[in-house]
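Some notes on the structure that comes next.
Number of protein chains: 4
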Amino acid sequence: MAPDQHKTRKPVQKRGIETRGKILDAAMRLFSKKGFHSTNTKEIAREAGVATGSFYAYFKDKKSVFLEIYKGISHKQLKDMAGGMAGVEGQDDTGRVEALLRALAGEHGFSPNFQREVSAMRYSDPDVEALHNSIHEGLGQEVALMLEKQKERLRVKDLDAAAFVILCACEEVIHTSRTISHRIDRDRVISNLADMIARFLYK
Amino acid sequence: MAPDQHKTRKPVQKRGIETRGKILDAAMRLFSKKGFHSTNTKEIAREAGVATGSFYAYFKDKKSVFLEIYKGISHKQLKDMAGGMAGVEGQDDTGRVEALLRALAGEHGFSPNFQREVSAMRYSDPDVEALHNSIHEGLGQEVALMLEKQKERLRVKDLDAAAFVILCACEEVIHTSRTISHRIDRDRVISNLADMIARFLYK
Amino acid sequence: MAPDQHKTRKPVQKRGIETRGKILDAAMRLFSKKGFHSTNTKEIAREAGVATGSFYAYFKDKKSVFLEIYKGISHKQLKDMAGGMAGVEGQDDTGRVEALLRALAGEHGFSPNFQREVSAMRYSDPDVEALHNSIHEGLGQEVALMLEKQKERLRVKDLDAAAFVILCACEEVIHTSRTISHRIDRDRVISNLADMIARFLYK
Amino acid sequence: MAPDQHKTRKPVQKRGIETRGKILDAAMRLFSKKGFHSTNTKEIAREAGVATGSFYAYFKDKKSVFLEIYKGISHKQLKDMAGGMAGVEGQDDTGRVEALLRALAGEHGFSPNFQREVSAMRYSDPDVEALHNSIHEGLGQEVALMLEKQKERLRVKDLDAAAFVILCACEEVIHTSRTISHRIDRDRVISNLADMIARFLYK
DNA sequence: AATGAATGAGCGTTCATTCAT
DNA sequence: TATGAATGAACGCTCATTCAT
Chain A
133 MAPDQHKTRK
143 PVQKRGIETR
153 GKILDAAMRL
163 FSKKGFHSTN
173 TKEIAREAGV
183 ATGSFYAYFK
193 DKKSVFLEIY
203 KGISHKQLKD
213 MAGGMAGVEG
223 QDDTGRVEAL
233 LRALAGEHGF
243 SPNFQREVSA
253 MRYSDPDVEA
263 LHNSIHEGLG
273 QEVALMLEKQ
283 KERLRVKDLD
293 AAAFVILCAC
303 EEVIHTSRTI
313 SHRIDRDRVI
323 SNLADMIARF
333 LYK
Chain B
133 MAPDQHKTRK
143 PVQKRGIETR
153 GKILDAAMRL
163 FSKKGFHSTN
173 TKEIAREAGV
183 ATGSFYAYFK
193 DKKSVFLEIY
203 KGISHKQLKD
213 MAGGMAGVEG
223 QDDTGRVEAL
233 LRALAGEHGF
243 SPNFQREVSA
253 MRYSDPDVEA
263 LHNSIHEGLG
273 QEVALMLEKQ
283 KERLRVKDLD
293 AAAFVILCAC
303 EEVIHTSRTI
313 SHRIDRDRVI
323 SNLADMIARF
333 LYK
Chain C
133 MAPDQHKTRK
143 PVQKRGIETR
153 GKILDAAMRL
163 FSKKGFHSTN
173 TKEIAREAGV
183 ATGSFYAYFK
193 DKKSVFLEIY
203 KGISHKQLKD
213 MAGGMAGVEG
223 QDDTGRVEAL
233 LRALAGEHGF
243 SPNFQREVSA
253 MRYSDPDVEA
263 LHNSIHEGLG
273 QEVALMLEKQ
283 KERLRVKDLD
293 AAAFVILCAC
303 EEVIHTSRTI
313 SHRIDRDRVI
323 SNLADMIARF
333 LYK
Chain D
133 MAPDQHKTRK
143 PVQKRGIETR
153 GKILDAAMRL
163 FSKKGFHSTN
173 TKEIAREAGV
183 ATGSFYAYFK
193 DKKSVFLEIY
203 KGISHKQLKD
213 MAGGMAGVEG
223 QDDTGRVEAL
233 LRALAGEHGF
243 SPNFQREVSA
253 MRYSDPDVEA
263 LHNSIHEGLG
273 QEVALMLEKQ
283 KERLRVKDLD
293 AAAFVILCAC
303 EEVIHTSRTI
313 SHRIDRDRVI
323 SNLADMIARF
333 LYK
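Residue numbers (the working numbering), protein chains in the order written: chain A, 133 to 335; chain B, 133 to 335; chain C, 133 to 335; chain D, 133 to 335.
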């Protein structure tokens, strides 16, 4: 009995698996539309077309659904990222960086509204923070690995730190330029970001 | 009566002004220690040494206190920033950037726990988001202004976009390196960040 | 802050004291009529003519009201008992025992239905059990004290143990003969009980 | 179909009888360990190694299992009592009474924790109360019968009432001295009780 | 102006029981 | 027959806000 499974039901029948999925989908939709705190478990159950009790049969509480959704999204995104980076080799420096940015932007493009909630909860809930940090670290290693492959073309030496800095910069730029109603348009921001990173990385 | 003043009391006497201040201080302390959602108005009143009713005599609701505290902090910090940047001129490129970073890091150094709450609410509350964005824009203009002064030494042309990108990078790096229990130490991160920005900005 | 006061309001105004009393009265009525488990806090509040929140302003939870009512009743009853026993002196042996029985029967006569609930909860809740035991012990000491006063007429030597045994016998007889729809009528039971105790105690 | 059989399955095959027994055993274990209200039907089914639905195939509801267990225990205990009393004859008065007490104490010795639950529910549930009363009456008749056999040695005349009073006294003493953390030790209590009953009964 | 008592909608959660497979 | 998924009313409790004094 894993400690994070508590007393939740582990579906063995096909119907149970479907129900669990319906709840996850519904929660994802509502968290994205209304935010975590403004969504209650009864709503999630209704949206999923199941009874309140079924929610608690499959999940310990509201937060555990949130974390599970986040985990699921992250897995998909790490794979996407890896895929996106594969195509980076064999281009010039700027192309490489832009591809990287696209891959990273894809991360949030997946489900921007849910990511927004993650950002909120990351600062107010220790569990979400821990999960976010571990995912962030995973991304950082992915980027560091990619840098490693083109080491001889780089001017930076401390690849881990460089990866971390790049990642942070991208995250915040993408987040902020998404939410802000901006007089500075997105293209100018992205091209400056790409320029900054390229100058930083390459000889 | 301005619409955002609701039915709150506007203190003109010394006693009223003090009471208002005590409430703001108490709220600031509690929001920083326990977070916005885990702090209730009764607690704030008790911590301030006033009655629950008095809280609502001076403030429309819990959120309005939060916003007001945030505004107050931002004003102080914009001034600090301006002061911090004044000393930037007359050094070499790297020194300039590091001074800038120190000035920005100072922003969060002021009241890091409250900033954490701002980060959380920024993503979950439209009003906090709006305020954050306008403050961010103010900071951006400040930075853009500083860049303007040393235009001839810069390789970047689009100063507004550059300022925005720099600002975002700094914010996230500072935030994340604060919360993460890191295998990459802070100094390496900061020096990489400074290097990145300097290469980006200067010829 | 006493540990059993939790975060409850301690009424300082007259209105508050009244409200607290109304809640206690309502709870007593409902516990007696429907039992502890079949009474919920909303009902108590409604019966008391106050809001749910007020209930929780004055009491930590449902059980704490129960315990407080029980405590209050016990205090009154210990006083009644003491009074009832005062008149015991100066009669013959049988008269003394019957007076004692009347005094003890009076204990449950006060609020028999509530006592019934106490009996139920005494076996299912540790806190109620502890309170019951301490009250029982108090009663035992009272009885032992009364025996002490007429020591020379008694054949029993171990007054504490004797008091305990008498008390238990009386309690259960009174309880059971109350609830049972009996073919043995109450008078026969009481007179046998009195006979038993008198033979036991006196030379 | 008897009205109290509801729609429950009446097992005739060996397998069904075993399943029914497993449920009764599991329920007995859990009621004893955690109490009736803190044990839920899912737990009982799991402990018994059957599905939730099977529980309701064999029993009308949770309470009916409780009643059935209680009935079963009582039957065994009545037999034990009868056996225990058989050896009472041919001793002196005190010996007789002590044998009786041992036989009665044996009643609770069987499954003291379950008895505790019975005591709790006896006061809060009419059905349990009725069952308890009828069992109590059975015990009373048993005791009265035993008294009948030694009538010529007794000073009491109303054997039914005497049996009732004795029984009550024993029950409560045994119960209370079990739960109370006592400054009066058990031996003193028991010997006083035996003394009281012997003086009461015998010439 | 100030107090603190009162409000009550709303929340997360449980579990005895039923039902589809 | 046996399974275990599904149900949903009901519960205890919180707290931002209002109101009587």
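From the three backbone atoms N, C-alpha and C, an ideal C-beta is built for every residue, glycine too. Being a predicted model, the structure only gives us computed values, none of them experimental.
> Is Val-197 (chain B) near Ala-159 (chain B), with beta carbons less than 8 Å apart?
Replying inline: yes
> If you draw a straight line from the C-alpha of Lys-146 (chain D) to the C-alpha of Arg-152 (chain D), how long is it?
Replying inline: 10 Å
> Using a C-beta cutoff of 8 Å, does Asn-265 (chain C) count as contacting chain D?
Replying inline: Yes - at least one Cβ of chain D is within 8 Å of the one on Asn-265 (chain C).
> Excluding sequence positions up to five away, which residues of its chain have a Cβ less than 7 Å from the Cβ of Val-275 (chain D)?
Replying inline: Ala-295, Ile-298, Leu-299
>> Whole angstroms are fine: how far does the CA of Val-305 (chain C) sit from the CA of Asp-291 (chain D)?
In response: Here the sequence assigns Leu to residue 291 (chain D), which means Asp is not the residue at that position. Each residue's Cα considered, the two are about 16 Å apart.
>> Quick check: the Cα distance between Asp-136 (chain D) and Phe-191 (chain D), rounded to an integer number of angstroms?
In response: Unreliable placement is indicated for Asp-136 (chain D), whose pLDDT of 45 sits below 50; the coordinate value is still reported in the next sentence. Rounded to whole angstroms, Asp-136 (chain D) to Phe-191 (chain D) spans 10 Å at the Cα level.
>> Which residue wins for smallest C-alpha separation from Gly-215 (chain A), given the options A:Thr-140, A:Met-278, A:Ala-301, A:Arg-285?
In response: Considering only alpha carbons, the answer is A:Met-278.
> If we cut at 8 Å on Cβ distances, does Gly-204 (chain D) have a partner in chain C?
Replying inline: no
> Using the rule of at least 16 other Cβ atoms within 10 Å of the residue's Cβ for burial, across every protein chain shown, is Ile-149 (chain B) buried or exposed?
Replying inline: With fewer than 16 other Cβ atoms within 10 Å, it is exposed.
> What residues of chain D sit near Leu-325 (chain C), judged by a beta carbon separation below 7 Å?
Replying inline: Val-297
>> I need the DSSP call for Tyr-334 (chain B), collapsed to helix, strand or coil.
In response: Of the three classes helix, strand and coil, the one that applies to Tyr-334 (chain B) here is strand, per DSSP.
>> Would Phe-332 (chain B) and Asp-327 (chain A) be called neighbours here (beta carbons separated by less than 8 Å)?
In response: yes
>> Please report the straight-line C-alpha distance between Glu-249 (chain B) and Thr-184 (chain C), rounded to a whole angstrom.
In response: If I take the Cα positions, the gap works out to 32 Å.
> Using the rule of at least 16 other Cβ atoms within 10 Å of the residue's Cβ for burial, across every protein chain shown, is His-103 (chain A) buried or exposed?
Replying inline: Examination of residue 103 (chain A) is not possible in this model, given that chain A is present from 133 through 335 alone.
> Going along chain C in order, which residues have a C-beta closer than 7 Å to the C-beta of Ile-176 (chain D)?
Replying inline: Those within 7 Å of Ile-176 (chain D) in chain C number zero; the least Cβ separation is about 18 Å.
>> Is there a C-beta anywhere in chain A that falls below 8 Å from the one on Ile-201 (chain B)?
In response: no
> Beta-carbon of Pro-143 (chain C) versus every beta-carbon of chain D: anything under 8 Å?
Replying inline: No, Pro-143 (chain C) lies away from the interface with chain D (no Cβ there is under 8 Å from its Cβ).
> How big is the Cα-Cα spacing for Ser-256 (chain C) and Phe-163 (chain C)?
Replying inline: 16 Å
> DSSP puts Leu-286 (chain D) in a beta bridge; with which residues?
Replying inline: BP columns for Leu-286 (chain D) point to D:Tyr-334.
> Which value, in whole angstroms, describes the spacing of the CA atoms of Lys-122 (chain A) and Gly-227 (chain B)?
Replying inline: Here chain A has residues from 133 to 335 only, and residue 122 (chain A) is not among them.
> Among residues of its own chain, excluding the 5 on either side of Phe-168 (chain D), which ones have a beta-carbon nearer than 7 Å to its beta-carbon?
Replying inline: Phe-198, Glu-249, Met-253
> Cβ atoms of Asp-259 (chain C) and Lys-203 (chain C): under 8 Å apart, would you say?
Replying inline: no
> Residue range of the alpha helix (DSSP H) that Tyr-188 (chain D) falls in?
Replying inline: 184-190
> Cys-302 (chain C) and Leu-286 (chain C) look like a contact to me (Cβ under 8 Å); what is the Cβ gap, rounded to whole Å?
Replying inline: With 8 Å as the limit, Cys-302 (chain C) and Leu-286 (chain C) do not qualify as a contact, their Cβ atoms being about 17 Å apart.
>> Taking the alpha helix (DSSP H) that Pro-244 (chain C) belongs to, which residues open and close that run?
In response: 244-254
> With distances taken from CA atoms, which of A:Ala-293, A:Ser-170, A:Thr-140 is nearest Asp-193 (chain A)?
Replying inline: A:Thr-140
>> Can you give me the C-alpha to C-alpha distance between Asp-212 (chain D) and Ile-322 (chain C), rounded to a whole angstrom?
In response: Straight-line Cα distance between these residues: approximately 29 Å.
> Using the beta-carbon of each residue, which ones in chain D are nearer than 7 Å to Arg-320 (chain C)?
Replying inline: Asp-290, Ala-293
> Considering only residues of the same chain and omitting the five flanking positions on each side of Ala-180 (chain D), which have a CB-CB separation below 6 Å?
Replying inline: Lys-154, Ile-155, Ala-158
> Taking the C-alpha atoms as reference points, what is the distance between Met-133 (chain B) and Val-182 (chain A)?
Replying inline: Confidence at Met-133 (chain B) is low in this model, with a pLDDT of 40, below 50, so its placement is unreliable and no value can be given for it.
> Helix, strand or coil: which one does DSSP assign to Thr-151 (chain A)?
Replying inline: In this structure, Thr-151 (chain A) counts as helix in the three-state DSSP scheme.
> Helix, strand or coil: which one does DSSP assign to Gln-209 (chain A)?
Replying inline: helix
> Name the chain D residues that come within less than 7 Å of Ser-251 (chain C), Cβ to Cβ?
Replying inline: Tyr-255
> What residues from the region 151-168 of chain D come within 9 Å of chain C, judged by C-beta to C-beta, listed N to C?
Replying inline: Gly-167, Phe-168
>> Using 8 Å for Cβ pairs, my map puts Asn-245 (chain D) next to Lys-165 (chain D). What's the rounded Cβ distance?
In response: 7 Å
> What are the boundary residues of the alpha helix (DSSP H) that includes Asn-265 (chain C)?
Replying inline: 258-281
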